[in-house]
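Peer 1: This structure is in structure tokens; I'll ask about it shortly.
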């Protein structure tokens, strides 16, 4: 729980917020050329690349973490996150919001909520998997 009351988490929220804006904005552009569901996934990838670069530069800055290893784990953590984002976005846009009588901006509302859902699980995944230093990983190994 203390992980969420740290400067590192605040930086993660800030850089993640920037990446979320990129994700959200690019989804609107992508929706001009493809369906909503495909645009969500494509925009997520665009936001994910932005998030990786910003997280590597400003949040998890250990030079001991190899780029290839962190990129692979970053991608795996985000596969789980994109599944959460897609499921929430589609469920809200096509089922829950229409059932509640919300029609105006329903895709935008649904996508914004979907982007916010995996914040905590993504932070923990990136801290302990994507950007964990070798010393941190070794200290968690049973002896």
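In my numbering, the protein residues as written are 151 to 293.
Each residue gets a CB set at the ideal place from its N, CA and C atoms; glycine is no exception.
Cα-Cα, which of 190, 223, 193 is closest to residue 206?
Peer 2: Locating residue 206 in the chain shown gives position 56, counting from the first residue. Of the residues 190, 223, 193, the one whose Cα lies closest to the Cα of residue 206 is 223.
Peer 1: On the three-state DSSP scale, how would you describe residue 252?
Peer 2: In the chain shown, the residue the question calls residue 252 occupies position 102. Here DSSP, grouped into helix, strand and coil, assigns residue 252 to coil.
Peer 1: As a quick exercise: from 274, 282, 189, pick the residue whose alpha carbon is nearest that of residue 152.
Peer 2: Taking the chain shown and counting its residues from 1, the one referred to as residue 152 is at position 2. It is 274 whose Cα lies nearest to the Cα of residue 152.
Peer 1: Count the other C-beta atoms from every protein chain shown that fall within 10 angstroms of the C-beta of residue 242, then say buried if there are 16 or more, exposed otherwise.
Peer 2: The residue labelled residue 242 in the question sits at position 92 within the chain shown. That one is buried.
Peer 1: Using DSSP with H/G/I as helix, E/B as strand and the rest coil, what is residue 166?
Peer 2: Counted from its first residue, the chain shown places residue 166 at position 16. In this structure, residue 166 counts as helix in the three-state DSSP scheme.
Peer 1: By Cβ distance below 6 Å, which residues in the same chain neighbour residue 197 in space, the five residues on each side in sequence not counted?
Peer 2: On the chain shown, residue 197 is found 47 positions in, with the first residue counted as 1. Closer than 6 Å at the Cβ level, and outside the excluded window around residue 197, lie 169, 172, 173.
Peer 1: Report yes if the C-beta distance between residue 231 and residue 280 is below 9 Å; otherwise report no.
Peer 2: The residue labelled residue 231 in the question sits at position 81 within the chain shown. The residue labelled residue 280 in the question sits at position 130 within the chain shown. The Cβ atoms of residue 231 and residue 280 do not sit closer than 9 Å to each other.
Peer 1: Measure the Cβ-Cβ separation of residue 265 and residue 217 and say whether it is below 9 Å.
Peer 2: By one-based count along the chain shown, residue 265 stands at place 115. By one-based count along the chain shown, residue 217 stands at place 67. No, Cβ-Cβ distance for residue 265 and residue 217 is not below 9 Å.
Peer 1: Go ahead and label residue 141 buried or exposed: buried means 16 or more other beta carbons lie within 10 angstroms of its beta carbon, across all protein chains shown.
Peer 2: A question about residue 141 goes unanswered here, because the residues of the chain that appear run from 151 up to 293.
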